[in-house]
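Our numbering applies: residue 32 is where the sequence shown begins, and numbers increase by one.
C-beta: ideal position from N, C-alpha, C; glycine also.
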Amino acid sequence: MKNCFLIIVLFFTLVFTGFSQTQPGTAGADENDEVSKTDPVEIRGSGLSIKFYQKGEKIPATLLREVVTNSPEAVREMKLGRKDYLASIGFNTVGGFIVGYSITNVIFGGDINVPVAVIGAGLIGVGIPFTKRFLKHAENAANIHNRSLSNRYFRNSEFQFGLSGTGVGLKVSF
32 MKNCFLIIVL
42 FFTLVFTGFS
52 QTQPGTAGAD
62 ENDEVSKTDP
72 VEIRGSGLSI
82 KFYQKGEKIP
92 ATLLREVVTN
102 SPEAVREMKL
112 GRKDYLASIG
122 FNTVGGFIVG
132 YSITNVIFGG
142 DINVPVAVIG
152 AGLIGVGIPF
162 TKRFLKHAEN
172 AANIHNRSLS
182 NRYFRNSEFQ
192 FGLSGTGVGL
202 KVSF
């Protein structure tokens, strides 16, 4: 039993270390972690397979929050999505731990506790809609960000239409 517990602790330590992230601009950050607040975000896929790209490089949905900081409406959308993201992490982590414990117990010669494994799988299933809602909020934030980029060139522009000395004229000031 002591060995089983040590293996489980080692397993989860390695898994959570693999999911850790470094912040852009800090030591150990990849070049791919650099994001631009002035470039559009390309959205590929749909549902749970949605991916975000900027300048051809894939960016995680969680890093999208840094991209959209120039648009208050997009930031609000990401804040709404953060609640769903945290809920999905909670359900998926607890469910994964329960299922992992059941599988580890079987590997080391114990009997599987089916109701416990089903509860773990159910918790993972409950986390999926939260993940989908988070990705939907992230997609909305990316669309808002892209619209704000296309409008920013015309936001302070002035159009004047009227008569001039030589006829009808249109004056556009940027």
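Two segments are said to touch when three or more pairs of C-beta atoms, one from each, lie closer than 8 Å; by this definition the stretch 102-111 touches the stretch 159-173.
Pro-71 is positioned such that its CB atom lies closer than 8 Å to that of Leu-180. Cα atoms of Gly-112 and Glu-97: separation of roughly 14 Å, rounded to the nearest angstrom. Taking a C-beta distance under 8 Å as the contact criterion, Ile-129 and Gly-151 qualify as a contact pair.
Distance from the CA atom of Ser-119 to the CA atom of Gly-127, rounded to whole angstroms, is 12 Å. From the listed residues Leu-117, Asn-101, Leu-79 and Ile-134, the smallest Cα separation to Arg-178 is found for Asn-101. A Cβ-Cβ separation of about 10 Å leaves Ile-74 out of contact with Leu-166 under the 8 Å criterion.
In the structure shown, Phe-122 adopts helical secondary structure according to DSSP, grouped into three states. Proximity to Ile-90 across Ser-67, Leu-154, Phe-139 and Val-145 peaks at Ser-67, based on C-alpha coordinates.
Collapsing the DSSP output to three states places Ile-74 in a strand.
Only exposed fits Ser-77, as fewer than 16 other CB atoms lie within 10 angstroms of its CB. When secondary structure is reduced to three states using DSSP, Phe-139 falls in the coil class, being assigned neither helix nor strand.
Rounded to the nearest angstrom, the gap between the Cα atoms of Phe-161 and Gly-200 is 55 Å.
From the listed residues Ile-143, Ala-92 and Thr-69, the smallest Cα separation to Lys-86 is found for Thr-69. In this structure, DSSP gives Gly-87 a state outside helix and strand, which the three-state scheme calls coil. Distance from the CA atom of Ala-92 to the CA atom of Tyr-116, rounded to whole angstroms, is 10 Å. In this structure Val-99 touches His-176 by the C-beta definition: roughly 4 Å separates them, less than 8 Å.
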